[in-house]
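Asks:
Numbering (the numbering used here), first residue to last: 278 to 947.
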């Protein structure tokens, strides 16, 4: 792997015309003015002082201001400042200007710990949410650092590890939510980042923690600032690198866990504050820490008070709103930062490859895929135990198992082929419909159709999903071309688009709409309700994709060489790239309809094909498709039987398998 080891934190990127202090004070003043407007609508300004210190127990308006409105403002300021401080610390210690608790798995780990405790160890909740959130966040952050340690915590490796850990844990969270929706319904609203308050307890708990974290950061400020030097220079000046980094990460995780324990996950505020402060001119660490925290506090309070003014502050949760804004913010930051800041390169040689294989070895995969199909059709758990179906039993069960097996087979084939095309088109071996946000684009379009056009048929839904996939893929490649297809930038675009999907999903979850359970099931990749007609159509689409591969093989072999060589070899670059984009978008749309937006199969299939020895474009595409089909069929079979009589969606199972696979890959490959 050829990649730079650090990212410049204090230089490059977007520039704002005003200084960080002006930005922070403007945000805080605007938030204060909006808060004053909201308070005045509840109580005349002349009675605010009395409501704060000695509310009249017989005056409901004073009680509401004292116990709800004012604590909410205080909690917003504290949470924003804490997350801004945590984000600035993580960005400095990891040399990564786009690091924050949400992108590094802290929030996902905290949520998983709370969900698991609620279901299986409710007695632990007697100690409050914070210890559990701290344990979950610390473990997931430790896992991210362990996975990226072999690459010296390079920015690309850290973000990739954070994304894999987050997606794997979020898949587990979705699985728990599907099976226990009623038990977790209250926790779902809370974990989306609700700042609604009933007293001062949250503010009183957060204040000393934020103050202690600020004091600890001040003690570490000088050695942290010296981390801008290379490691040899910092060591030469007496900086204990390991302890400095550990201390900064510990502070960031503690603060993040405190916020999650108090109000739930609030995404992207920890990214936005330091990024805006840096763009406004805070180049040195000290100003970035101070003004980054202030900007984050102002941003969160402003968003929250805007929600209070617009909706009364009950729904939607503020965390969902910030995540909805954070996706576009991350896309803007990725677009604006110069390649020198995030110019990591990541090549195929980072992964081990087997000896080059010819077509006989590639086609040998087909019998194994057929065996997986036979296993999924014939073997399964029943009320009487395990059953290997034959004869009339097999025929009877085929009515129920056949459509879901066929849908899994087709979806796995199409996702893997789409992933292989994306990897060759972008020159990025970590490209896939799931990680680049192409599946998220399709899913967002389908979510919109569910609520805005409920009468849309399957054909219209497919067209809309394809349009969403095409739009997101166009954004990915447009930004990729600007940065010479930097793997980190393209991956972060996927983070942004996936964040948009999760934010919209959180908004949907808290509405209580009766369609929520169905949407959750679909997003998790359940094939339980796939009809025979839909499965047949998916198989036809997969067959057409297979027939198209020989015609696209020349483009896939030549386009990775670059535009000038491709043109010299007679390839119409614009038309061929557009045709491949439409091809990938269509495959992704059909697959998303079947198994949801996340599975990792589109990433695993091409990797396994190369490990198997496929080298040419056509051989790699065929091998990837067959391996992806086999993986998805096995994932569906495992999900069908592992927790019988309950079912784990195929998408969730495949995500768990893929996440573990890539964690192992990151840990063992250099």
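Glycine is no exception: its CB is placed at the ideal position from the N, C-alpha and C atoms.
Take every Cβ of the region 928-946, pair it with every Cβ of the region 867-881, and state whether three or more of those distances are shorter than 8 Å.
Replies: Cβ pair count under 8 Å is three or more, so yes.
Asks: Using only the heavy atoms of the ligand MG, determine whether one of them is closer than 7 Å to the beta carbon of residue 871.
Replies: This structure lacks the ligand MG, and indeed carries no ligand of any kind.
Asks: Mind checking whether residue 361 and residue 550 have CB atoms under 8 Å apart?
Replies: As a first step, residue 361 must be located in the chain shown, where it is residue number 84. As a first step, residue 550 must be located in the chain shown, where it is residue number 273. The answer is yes: Cβ separation under 8 Å.
Asks: Am I right that residue 350 and residue 319 are in contact with their C-beta atoms under 8 Å? What's the rounded C-beta distance?
Replies: On the chain shown, residue 350 is found 73 positions in, with the first residue counted as 1. On the chain shown, residue 319 is found 42 positions in, with the first residue counted as 1. Contact flag wrong, Cβ pair sits at about 12 Å.
Asks: If the criterion is Cβ atoms closer than 8 Å, does the pair residue 804 and residue 681 meet it?
Replies: Mapped onto the chain shown, residue 804 falls at position 527. Mapped onto the chain shown, residue 681 falls at position 404. Contact flag set, yes.
Asks: In chain order, what residues of the same chain have a beta carbon less than 7 Å from the beta carbon of residue 229, not counting five sequence neighbours either side?
Replies: Outside the shown range of the chain, which is 278 to 947, sits residue 229, and nothing can be said about it.
Asks: Report, in whole angstroms, the separation of the C-beta atoms of residue 379 and residue 547, which I expect to be a contact under 8 Å.
Replies: Residue mapping note: residue 379 aligns to position 102 of the chain shown, counting from 1. Residue mapping note: residue 547 aligns to position 270 of the chain shown, counting from 1. With 8 Å as the limit, residue 379 and residue 547 qualify as a contact, their Cβ atoms being about 7 Å apart.
Asks: Go ahead and label residue 508 buried or exposed: buried means 16 or more other beta carbons lie within 10 angstroms of its beta carbon, across all protein chains shown.
Replies: Indexing the chain shown from 1 puts residue 508 at position 231. Answer is exposed; the Cβ neighbour count stays below 16.
Asks: Can the beta-carbon of residue 822 be found less than 8 Å from the beta-carbon of residue 694?
Replies: If you number the chain shown from 1, residue 822 lands on position 545. If you number the chain shown from 1, residue 694 lands on position 417. Yes, these two residues count as a Cβ contact at 8 Å.
Asks: Residue 541 and residue 482 - do their beta-carbons sit closer together than 8 Å?
Replies: Numbered from 1 along the chain shown, position 205 holds the residue referred to as residue 482. Numbered from 1 along the chain shown, position 264 holds the residue referred to as residue 541. Not closer than 8 Å, so no.
Asks: Between which two residues does the beta strand (DSSP E) holding residue 712 run?
Replies: Here residue 712 corresponds to residue number 435 of the chain shown, with the count starting at 1. Element bounds for residue 712: n/a, residue is neither H nor E.
Asks: What are the boundary residues of the alpha helix (DSSP H) that residue 792 is part of?
Replies: Position 515 of the chain shown holds residue 792. Where residue 792 is concerned, there is no enclosing alpha helix (DSSP H), given that its DSSP letter is neither H nor E.
Asks: Going by the CB atoms, is the gap between residue 572 and residue 301 shorter than 8 Å?
Replies: Working through the chain shown from its first residue, we reach residue 301 at position 24. Working through the chain shown from its first residue, we reach residue 572 at position 295. It is a contact, given that the beta carbons lie within the stated cut-off.
Asks: Secondary structure at residue 381, three-state DSSP: helix, strand or coil?
Replies: In the chain shown, counting from the first residue as 1, residue 381 sits at position 104. Of the three classes helix, strand and coil, the one that applies to residue 381 here is coil, per DSSP.
Asks: Leaving aside the five residues before and after residue 461 along the sequence, list all residues of the same chain whose C-beta is less than 8 Å from its C-beta, in chain order.
Replies: Position 184 of the chain shown, counted from the start, is the residue given in the question as residue 461. Contacts found: 392, 395, 396, 453, 454.
Asks: Does the Cβ-Cβ distance between residue 813 and residue 836 come in under 8 Å?
Replies: Taking the chain shown and counting its residues from 1, the one referred to as residue 813 is at position 536. Taking the chain shown and counting its residues from 1, the one referred to as residue 836 is at position 559. Taking 8 Å as the Cβ cut-off, residue 813 and residue 836 do not qualify as a contacting pair.
Asks: Considering only C-alpha positions, which residue in the set 315, 314, 344 is nearest to residue 327?
Replies: Here residue 327 refers to the residue found at position 50 of the chain shown. Ranking the options by Cα distance to residue 327, first place goes to 344.
Asks: So, are the CB atoms of residue 503 and residue 492 less than 8 Å apart?
Replies: Walking along the chain shown from the start, residue 503 turns up at place 226. Walking along the chain shown from the start, residue 492 turns up at place 215. Taking 8 Å as the Cβ cut-off, residue 503 and residue 492 do not qualify as a contacting pair.
Asks: Assign residue 422 to one of two classes, buried (16 or more other C-beta atoms within 10 Å of its C-beta) or exposed (fewer than that).
Replies: Your numbering for residue 422 matches position 145 in the chain shown. Counting Cβ neighbours within 10 Å, residue 422 comes out buried, since at least 16 surround it.
Asks: For residue 894, which residues in the same chain have their Cβ closer than 7 Å to its Cβ, ignoring the five residues on either side in sequence?
Replies: By one-based count along the chain shown, residue 894 stands at place 617. Closer than 7 Å at Cβ, skipping near neighbours: 701, 830, 833, 834.
Asks: Grouping DSSP H, G and I as helix and E and B as strand, with all else coil, what is residue 651?
Replies: Against the chain shown, residue 651 aligns to sequence position 374. Residue 651 falls in the helix class under three-state DSSP.
Asks: Could you name each continuous alpha helix (DSSP H) segment of 4 residues or more that falls completely within the region 836-866, going from the start of the chain to the end?
Replies: Counting only runs of 4 or more, we get 840-845.
Asks: So if DSSP puts residue 890 in a beta bridge, which residue, or which two residues, is it bridged to?
Replies: Walking along the chain shown from the start, residue 890 turns up at place 613. Looking at the DSSP assignment, residue 890 forms no beta bridge with any residue, so it has no partner.
Asks: Looking only at C-alpha atoms, which of 403, 406, 414, 369 sits nearest to residue 387?
Replies: Numbered from its first residue, the chain shown carries residue 387 at position 110. That would be 414, whose Cα lies nearest to the Cα of residue 387.
Asks: Are residue 449 and residue 404 touching if we call contact CB-CB under 8 Å?
Replies: Residue mapping note: residue 449 aligns to position 172 of the chain shown, counting from 1. Residue mapping note: residue 404 aligns to position 127 of the chain shown, counting from 1. Against a cut-off of 8 Å, the Cβ pair of residue 404 and residue 449 comes out as no contact.
Asks: Is there contact here, the region 716-723 with the region 741-758, by at least three beta-carbon pairs under 8 Å?
Replies: Judged by Cβ distances under 8 Å, the region 716-723 makes contact with the region 741-758, as three or more pairs qualify.
Asks: Of the choices 860, 303, 897, 891, whose alpha-carbon is the least far from that of residue 578?
Replies: As a position in the chain shown, residue 578 is number 301, starting the count at 1. Of the listed residues, the one whose Cα sits closest to residue 578 is 303.
Asks: Going by alpha carbons, who is nearest to residue 609 out of 756, 309, 650?
Replies: Here the question's residue 609 lines up with position 332 in the chain shown. Nearest C-alpha to residue 609: 756.
Asks: My output table needs one value for residue 658: the three-state DSSP class, helix, strand or coil.
Replies: As a first step, residue 658 is located in the chain shown; it is residue number 381 there, counting from the start. Residue 658 falls in the strand class under three-state DSSP.
Asks: Could you check the C-alpha separation between residue 523 and residue 370 for me, to the nearest Å?
Replies: Walking along the chain shown from the start, residue 523 turns up at place 246. Walking along the chain shown from the start, residue 370 turns up at place 93. Their backbone Cα atoms lie some 9 Å apart in a straight line.
Asks: Can you give me the start and stop residues for the alpha helix (DSSP H) that residue 925 sits inside?
Replies: If you number the chain shown from 1, residue 925 lands on position 648. Neither: residue 925 is in no alpha helix (DSSP H) and is coded neither H nor E.
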